[in-house]
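Student: Under the UniProt record's numbering, read the sequence shown as residues 1 to 234, first letter to last.
Think of the CB as a built atom: it goes at the ideal place given N, C-alpha and C, for glycine as much as any other residue.
Pasting a structure below so you can have a look.
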Amino acid sequence: MNSLTVLESGLLATIQDDGRIGQASLGIPRSGACDRTSYALANRLVGNRAGAAAIEVTFGGLVLHADTDLVLAITGAPCSGVPLNAPTVVQAGEVLRFGPPRTGLRTYVAVRGGLAVTPVLGSRSTDLLSGLGPEPLTAGQTLPIGCDYGPMPGVDLAPVADPPGSEVVVRVTPGPRRDWFTDAGWASFTSQSYVVSSNSNRVGVRLEGDPLERAREGELASEGMALGAIQIPP
Numbered sequence: 001m002n003s004l005t006v007l008e009s010g011l012l013a014t015i016q017d018d019g020r021i022g023q024a025s026l027g028i029p030r031s032g033a034c035d036r037t038s039y040a041l042a043n044r045l046v047g048n049r050a051g052a053a054a055i056e057v058t059f060g061g062l063v064l065h066a067d068t069d070l071v072l073a074i075t076g077a078p079c080s081g082v083p084l085n086a087p088t089v090v091q092a093g094e095v096l097r098f099g100p101p102r103t104g105l106r107t108y109v110a111v112r113g114g115l116a117v118t119p120v121l122g123s124r125s126t127d128l129l130s131g132l133g134p135e136p137l138t139a140g141q142t143l144p145i146g147c148d149y150g151p152m153p154g155v156d157l158a159p160v161a162d163p164p165g166s167e168v169v170v171r172v173t174p175g176p177r178r179d180w181f182t183d184a185g186w187a188s189f190t191s192q193s194y195v196v197s198s199n200s201n202r203v204g205v206r207l208e209g210d211p212l213e214r215a216r217e218g219e220l221a222s223e224g225m226a227l228g229a230i231q232i233p234p
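Structure representation (structure tokens):
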């Protein structure tokens, strides 16, 4: 069987696919690739079936050894030292070193055939919150490669647009809990500067800033969060 060996895992590298879809009512998070567009592109570039398991690399640092001849594609955050957005043949014995990305945070590695790790509840994704799925990658670990793939797409280089510049405008729309904050609190929320906390993770980005003035006391009942929503704790 074809395989890769992890020589260095970097800050965080996990196995991800489309996630555990439709099980939120049971308290099971979806997990799956954070950047689903880049993840799906990597699989298409090597002719994998949709949903094949790939590696998600957070802020570079991953070092992989090809145990056999492989075809892979790397997408997402552009790490130095590795090809990007194109199917690449890697010979047995070659080593891939992922430097820190020039922009972005997460990079995806899809290998033709997909990663053949054991699925848990219908997915091969690592879920750091619940502990479901495979553990994060560690040095010395061997990753078996499957053989479920289709024809190669015949693309030499995917036409991926350059990432946005250093400043990105994020538009905010008031939600149904806007009345829990005063006008002064809302003005503070939309005008102050925030610092990204080291407590951020794959679930969400934590921002540190001045507290917001509330219009009422008490706590909301627990409720689901829409993708991209901002949650303001007490």
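Enumerate in chain order the residues of its own chain whose CB-to-CB distance from L62 is below 7 Å, with the five nearest sequence positions on each side excluded.
Tutor: Hits under 7 Å: E8, S9, G10, A13, F98.
Student: Evaluate the contact criterion for the segment 135-148 versus the segment 18-32: three or more CB pairs, one atom per stretch, below 8 Å.
Tutor: Because the criterion of three Cβ pairs below 8 Å is not met, the segment 135-148 and the segment 18-32 do not touch.
Student: Is P233 buried or exposed, if buried means 16 or more other CB atoms sit within 10 Å of its CB?
Tutor: Per the 10 Å Cβ criterion, exposed.
Student: List in chain order: all unbroken alpha helix (DSSP H) runs of 4+ residues lying wholly within the segment 21-109.
Tutor: Taking only runs of at least 4 residues, the alpha helix (DSSP H) segments lying wholly in the segment 21-109 are 36-45.
Student: Measuring straight from C-alpha to C-alpha, what distance separates T5 and D162?
Tutor: The alpha-carbon atoms of T5 and D162 are separated by roughly 31 Å.
Student: Strictly by DSSP, which residues pair up with Y149?
Tutor: Partner(s): N48.
Student: When you compare the CB positions of Y149 and N48, do they come within less than 8 Å of one another, or not?
Tutor: Yes, these two residues count as a Cβ contact at 8 Å.
Student: One question on the structure: do S198 and L207 come within less than 8 Å of each other, judged by their Cβ atoms?
Tutor: No. Outside cutoff.
Student: Go ahead and label Q16 buried or exposed: buried means 16 or more other beta carbons lie within 10 angstroms of its beta carbon, across all protein chains shown.
Tutor: Looking at its Cβ environment, which holds 16 or more other Cβ atoms inside 10 Å, Q16 is buried.
Student: Given V57, which residues of its chain have a CB within under 6 Å of its CB, disregarding the five upstream and five downstream residues?
Tutor: Hits under 6 Å: A13, F98, T107.
Student: According to DSSP, R214 sits in a beta bridge with which residue or residues?
Tutor: Partner(s): F181.
Student: What residue range is occupied by the uninterrupted beta strand (DSSP E) comprising T118?
Tutor: Careful: T118 lies outside any beta strand (DSSP E) and carries neither H nor E.
Student: I'd like the span of the beta strand (DSSP E) that includes L4, first residue to last.
Tutor: Looking at the DSSP string, the run of the beta strand (DSSP E) that includes L4 is 3-8.
Student: Taking A110 and A184 to be in contact with their CB atoms under 8 Å, please state how far apart those CB atoms are, rounded to whole angstroms.
Tutor: About 49 Å separates the two Cβ atoms, so there is no contact after all.
Student: Ordered along the chain, which non-local residues of its own chain (more than five positions away) have a Cβ less than 6 Å from that of L115?
Tutor: Closer than 6 Å at the Cβ level, and outside the excluded window around L115, lie I15, A53, L143.
Student: Does DSSP classify T126 as helix, strand or coil?
Tutor: Of the three classes helix, strand and coil, the one that applies to T126 here is coil, per DSSP.
Student: Would you mind stating whether P78 and P101 have Cβ atoms separated by less than 8 Å?
Tutor: Going by C-beta atoms, P78 is nearer than 8 Å to P101.
Student: Can you tell me where the beta strand (DSSP E) holding I15 begins and where it ends?
Tutor: Here the beta strand (DSSP E) through I15 covers 12-16.
Student: Is T142 helix, strand or coil by DSSP?
Tutor: If DSSP states are grouped into helix, strand and coil, T142 belongs with the strands.
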